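Input: a single structure, listed below in structure tokens.
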Amino acid sequence: MPSAMIDAYQVYFDAVLAKTIARYEERVGQRFDAPISIRCADHQDFWAYAFMGHKELRLEIASGALDRIREVWTKALTTSSRLPPNHQIELLGHQDHAVETSFAWLLQHELNHQAIGHFTIIPGAGLSEAQCPNGLGIVELDTSQPSQLSELTEQEKAEIHMCFELQTDHDATEIVLGAYVKENWPLFRYYAVCILAVLFIIEAEERRLSKPFRQHPFASTRLFMLLGHLAELPMIPGIKRAQAEGLDHLPADYLPTSDEMFGYRQAVMSPVLAASQIFAAACGISEAWDELGTAEAMFADIDTILINQNRDVSAFRTQGARQWAELQPTNDRLLRSLGWK
């Protein structure tokens, strides 16, 4: 690629990173805890790589990552335009803004690897979304630093990386969506659909590589988490109010009415689930959408967690919910070791 084009990508990456950091600091209420740099790598494939170098978080993103997001959005919107109006993807502005929002979520995801503390568990290693030149998943760079990685099997390392991904998905999504306000339903739907683009691209890359052990959770698992986050969002203000008041229960009138919750699921969650089929097809993996299970089963699994507080694998009906439950013991151990539990 001509150097002028790489320079243009670099300018774009720098600008989106600046907005991503500002979003993080606004939502979290404090400065990001490390200097950050980003470099555009002239590479046609989709990948993103994060590592710590000299106490700085360094991001290397392939130019192909942005190209792939643009391509997938174009395909998705072309498909969407052929559907009845009430089944089409609704943008909030130009397609370029949707591309930028998807790319910004990818960067927010990478920032949160550092914010959560993942590099303290894997000193001397980096983390790669899809296959970068250095490797895939947890990439050991400096074997001279003490690390528990050498004692782990490839399967155990892959499971740890999948848990890292679930954790950063959660925090990046929380930061992008923001707090619940009824007037923001269109924004929540839009941001969630922008996140879908990245989730299904990564799933397509995982399937293309066909490695012995998966490095990323299934797209169905990440979609289950995304929908679960959306489902919980309206309840969070009431939960925080009850906690602030020292209550040992959650009064029903602290929560949205059943009519509001029904309207929210219809206006926000159902369109996100429907859009996932469009993005799966746009990424060339329509079979991934077939693996999600029915909408009724997906929402039932979400209620199993949020209402019944059940995390047992046997309680779930969908692939995504079952994998989420299977990863919870490892995920909980990691969160405890990081001081989050």
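The working numbering numbers the first residue of the sequence shown as 978 and each following residue consecutively. For each residue, glycine too, the CB sits at the ideal point set by N, CA and C. All figures in this text were calculated on a predicted structure; none of them were measured in a lab.
Exposure label - residue i; buried when at least 16 CB within 10 Å
{"i": "H1031", "result": "exposed"}
{"i": "N1063", "result": "exposed"}
{"i": "E1237", "result": "exposed"}
{"i": "A1081", "result": "buried"}
{"i": "R1322", "result": "There is no way to answer for residue 1322, as the model of the chain reaches only from 978 to 1318."}
{"i": "S1187", "result": "exposed"}
{"i": "G1103", "result": "buried"}
{"i": "E1264", "result": "exposed"}
{"i": "E1002", "result": "exposed"}
{"i": "H1090", "result": "buried"}
{"i": "Q1296", "result": "buried"}
{"i": "I954", "result": "The displayed coordinates of the chain run from 978 to 1318. Any statement about residue 954 would go beyond what the structure contains."}
{"i": "A1272", "result": "exposed"}
{"i": "T1097", "result": "exposed"}
{"i": "H1074", "result": "exposed"}
For residue i, the first and last residue of its enclosing alpha helix (DSSP H)
{"i": "Y1001", "result": "980–1005"}
{"i": "E1037", "result": "Segment 1033–1039 is the beta strand (DSSP E) holding E1037; no alpha helix (DSSP H) there."}
{"i": "F1028", "result": "Not the alpha helix (DSSP H): F1028 falls in the beta strand (DSSP E), residues 1025–1030."}
{"i": "L1113", "result": "Premise fails: L1113 lies in the beta strand (DSSP E), 1112–1117, not in any alpha helix (DSSP H)."}
{"i": "Q1144", "result": "1131–1154"}
{"i": "S1014", "result": "Counting along the chain, S1014 falls outside any alpha helix (DSSP H), though it belongs to the beta strand (DSSP E) covering 1013–1018."}
{"i": "K1159", "result": "Neither: K1159 is in no alpha helix (DSSP H) and is coded neither H nor E."}
{"i": "F1201", "result": "1196–1209"}
{"i": "L1312", "result": "1296–1314"}
{"i": "H1226", "result": "H1226 -> no alpha helix (DSSP H), and no H or E assigned at all."}
{"i": "A1252", "result": "1247–1259"}
{"i": "W1082", "result": "1072–1093"}
{"i": "R1218", "result": "1213–1221"}
{"i": "E1264", "result": "1263–1267"}
Whole-Å CB distance - residue i paired with residue j, under 8 Å assumed
{"i": "I1137", "j": "L1312", "result": "I1137 to L1312, Cβ: 12 Å. No contact."}
{"i": "A1092", "j": "D1010", "result": "7 Å"}
{"i": "V1249", "j": "L1204", "result": "7 Å"}
{"i": "V1245", "j": "W1162", "result": "5 Å"}
{"i": "D1278", "j": "F1293", "result": "5 Å"}
{"i": "D1289", "j": "M1202", "result": "With a Cβ gap of about 17 Å, D1289 and M1202 do not count as contacting."}
{"i": "A1259", "j": "V1049", "result": "5 Å"}
{"i": "S1105", "j": "G1112", "result": "6 Å"}
Among the options, nearest to residue i - alpha-carbon criterion
{"i": "L1269", "options": "E1002, A1042, L1164, S1197", "result": "S1197"}
{"i": "I1255", "options": "T1150, T1055, D1044, G1006", "result": "T1055"}
{"i": "M1029", "options": "W1050, L1060, I1099, A1042", "result": "I1099"}
{"i": "R1185", "options": "E1077, Q1108, S1247", "result": "Q1108"}
{"i": "Y1325", "options": "L1283, R1166, V1170", "result": "The structure shown does not extend to residue 1325, since the chain spans only 978 to 1318, so no value can be given for it."}
{"i": "S1040", "options": "I998, L1315, S980", "result": "S980"}
{"i": "L1043", "options": "L1283, T1078, L1088, I1115", "result": "T1078"}
{"i": "F1190", "options": "H1071, A1027, H1090, I1115", "result": "I1115"}
{"i": "I1152", "options": "E1183, A1259, L1088", "result": "L1088"}
{"i": "Y1168", "options": "I1279, V1076, Q1296", "result": "V1076"}
{"i": "K1052", "options": "I1178, K1159, L1129, I1284", "result": "I1178"}
{"i": "R1000", "options": "F1023, A1251, D1148, R1199", "result": "D1148"}
{"i": "A1027", "options": "E1183, G1101, A1251", "result": "G1101"}
{"i": "M1212", "options": "R1199, I1284, P1061", "result": "I1284"}
Whole-angstrom distance between residue j and residue i, CA atom to CA atom
{"i": "F1195", "j": "I1172", "result": "15 Å"}
{"i": "F1141", "j": "L1176", "result": "15 Å"}
{"i": "L1069", "j": "V1170", "result": "11 Å"}
{"i": "I1262", "j": "S1247", "result": "21 Å"}
{"i": "P1012", "j": "L1034", "result": "6 Å"}
{"i": "T997", "j": "V1005", "result": "12 Å"}
{"i": "D1267", "j": "E1180", "result": "14 Å"}
{"i": "A1018", "j": "D1230", "result": "52 Å"}
{"i": "Q1220", "j": "L994", "result": "35 Å"}
{"i": "I1046", "j": "Y1157", "result": "27 Å"}
{"i": "E1133", "j": "Q1192", "result": "10 Å"}
{"i": "I1038", "j": "A1025", "result": "4 Å"}
{"i": "M1275", "j": "H1086", "result": "24 Å"}
{"i": "L1304", "j": "L1143", "result": "9 Å"}
{"i": "L1224", "j": "L1084", "result": "38 Å"}
{"i": "N1287", "j": "D1280", "result": "9 Å"}
{"i": "T1307", "j": "T1130", "result": "14 Å"}
{"i": "Q1007", "j": "R1059", "result": "45 Å"}
{"i": "D1022", "j": "L1227", "result": "48 Å"}
{"i": "Y986", "j": "L1164", "result": "27 Å"}
Residue span of the beta strand (DSSP E) that contains residue i, given as start and end
{"i": "L1104", "result": "1102–1109"}
Residue i Cβ short of 7 Å to the ligand GTP heavy atom set
{"i": "T1097", "result": "Judged by which ligands are present, the structure shown has none, so any question about the ligand GTP falls away."}
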